[in-house]
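Quick note on numbering: the sequence shown equals residues 1 to 279 in our numbering. Backbone N, C-alpha and C fix where the C-beta goes; we use that ideal spot for every residue, glycine too. Each remark here refers to the structure printed beneath this line.
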Amino acid sequence: MYKTQGVEVDCDGETQTVLGREVILSAGAIMSPPILVRSGIGAAEDVEAVGATLARELPGVGRNLIDHPLCSVVWRSKPGVSVMPDPPVQTMLRYTASGGETNDMQIYMVNHFPGREGNFALLVILQRPKSRGRLHFESADHAAQPRIELNFFSDEDGDDVRRLREGLQLSQRLGEHPSIAQYAEGLRAPSAEVLADDDALDEYVRANGSHNFHPVGTAKMGPASDPGAVVDSQCRVHGVKGLRVVDASVMPEIVRANTNLTCIMIGERVAELIRGERA
1 MYKTQGVEVD
11 CDGETQTVLG
21 REVILSAGAI
31 MSPPILVRSG
41 IGAAEDVEAV
51 GATLARELPG
61 VGRNLIDHPL
71 CSVVWRSKPG
81 VSVMPDPPVQ
91 TMLRYTASGG
101 ETNDMQIYMV
111 NHFPGREGNF
121 ALLVILQRPK
131 SRGRLHFESA
141 DHAAQPRIEL
151 NFFSDEDGDD
161 VRRLREGLQL
171 SQRLGEHPSI
181 AQYAEGLRAP
191 SAEVLADDDA
201 LDEYVRANGS
211 HNFHPVGTAK
221 MGPASDPGAV
231 VDSQCRVHGV
241 KGLRVVDASV
251 MPEIVRANTN
261 LTCIMIGERV
271 AELIRGERA
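As structure tokens, this is what we get:
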């Protein structure tokens, strides 16, 4: 079994080596995997692609990328309607899509678009997507960014698009309620015609869907028997002594909520485990 000795860091152009009995990697779901791969930990083809020497083959590094896909219905606000920038989000709706898991959907109103005043929107967010993406590693340069392939809406049954489409149609109905309609001059996007046509709305989702800045899963937690697992239940990298990954990348599945609190609790839990080991 390989043993981690420490890290090499770039300090104003000077490479320094910092040794330690344990290394905790916490660069996030996008940047932790490249550090692993450049250290020789990951899929053999990825390690080879960056010119590193394979130390531990873990094919799951950089795979299983998950984020919350979103799409929105946007209205033009009536002249004279004050659109307050703070707070940008005040109300959130959680619900279950037809055929979905409990609370797999989220809708919230956004009342401020910097540089695009005069609009407000209902954002529909898919909390339990089926599609999975991955990261691609193309350089040994520590400053190089991985290529991100979100691979949204790639699930075979088209369920991700369907649930977002139904969420947009629900948002349109919510927007027709007098409590919202009194502030709207009309739909900006998508049009009423597109919202009424399932096929056209599916295309709108595919063309305009975005992400919620919640990437997770690229160094997922799981037993050593799972070929896609990178860390164990204590966030220790399989087959490498003295190395843990402690960030959103270890989530095997994305949570049905914003990811911030979950990340905090992952850190708190691992800190508790380490304190227990060293007591």
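Under the three-state reduction of DSSP output, Tyr2 falls in the strand class. For Ala224, there is no enclosing beta strand (DSSP E), as DSSP gives it neither H nor E.
Here the alpha carbons of Arg94 and Gln169 stand approximately 15 Å from one another. Looking from the CA of His142, the closest CA among Val23, Cys263, Ala27 belongs to Ala27. Taking the C-beta atoms as reference points, Met265 is found no nearer than 8 Å to Lys220. The Cβ-Cβ distance between Gly175 and Ile107 does not fall below 8 Å. When secondary structure is reduced to three states using DSSP, Arg269 falls in the helix class. In the structure shown, the three-state DSSP call for Gln169 is helix. The region 187-196 and the region 127-143 do not touch, with fewer than 3 CB-CB distances between them shorter than 8 Å.
Around Gln5, the same chain offers Leu19 as residues with beta carbons nearer than 7 Å, after the five sequence neighbours per side are excluded. In this structure, DSSP gives Ser210 an extended state, which the three-state scheme calls strand.
The C-alpha of Glu8 lies about 46 Å from the C-alpha of Tyr204. Following the DSSP letters along the chain, one finds Gly186 inside the beta strand (DSSP E) bounded by residues 184-189.
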